[in-house]
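Notes for the one structure printed next.
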Amino acid sequence: MPNLSIKDVPENIAEALRQRAERNHRSLQGELMAIIQQAVQESSAGGLPANWNASDGRRGTRTIEQLIEARRGKYPEPIRGVPLAVDIIRADRDSR
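Be aware that the sequence shown starts at 1020, since it is given in the numbering used here, and climbs by one per residue.
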């Protein structure tokens, strides 16, 4: 099999690829091969991934402000008696 080599990869990109490989339980070489295989499959399928769904491509037409206003109209008062997200995150962080 032929070998491919990429020189002068910026450290931040190399580190991101190493982390991605770790998340996917692969070696760096295995992760790079998976990325290349996916790119080849997408290009042969007209640029769309095999698992692409037409609904994934939908984009909303409302602005952030309109979304916030709709949310506030539906829930004008904050929910009482539940922990704040910041408190949950802080407790999780402090437990380590």
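Glycine is no exception: its CB is placed at the ideal position from the N, C-alpha and C atoms.
Could you check what DSSP says for residue i in three-state terms: helix, strand or coil?
{"i": "residue 1098", "result": "coil"}
{"i": "residue 1063", "result": "helix"}
{"i": "residue 1052", "result": "helix"}
{"i": "residue 1105", "result": "helix"}
{"i": "residue 1113", "result": "helix"}
{"i": "residue 1025", "result": "coil"}
Does any CB atom of chain D fall closer than 8 Å to the CB of residue i?
{"i": "residue 1104", "result": "Among the protein chains of the structure shown there is no chain D, as only one such chain exists."}
For my contact list, residue i and residue j are in at a C-beta cut-off of 8 Å; report their separation, rounded to the angstrom.
{"i": "residue 1058", "j": "residue 1047", "result": "Between residue 1047 and residue 1058 the Cβ distance is about 17 Å, and since that is not below 8 Å, they are no contact."}
Using the Cβ count rule (16 or more neighbours within 10 Å means buried), how would you classify residue i?
{"i": "residue 1096", "result": "exposed"}
{"i": "residue 1034", "result": "exposed"}
{"i": "residue 1030", "result": "exposed"}
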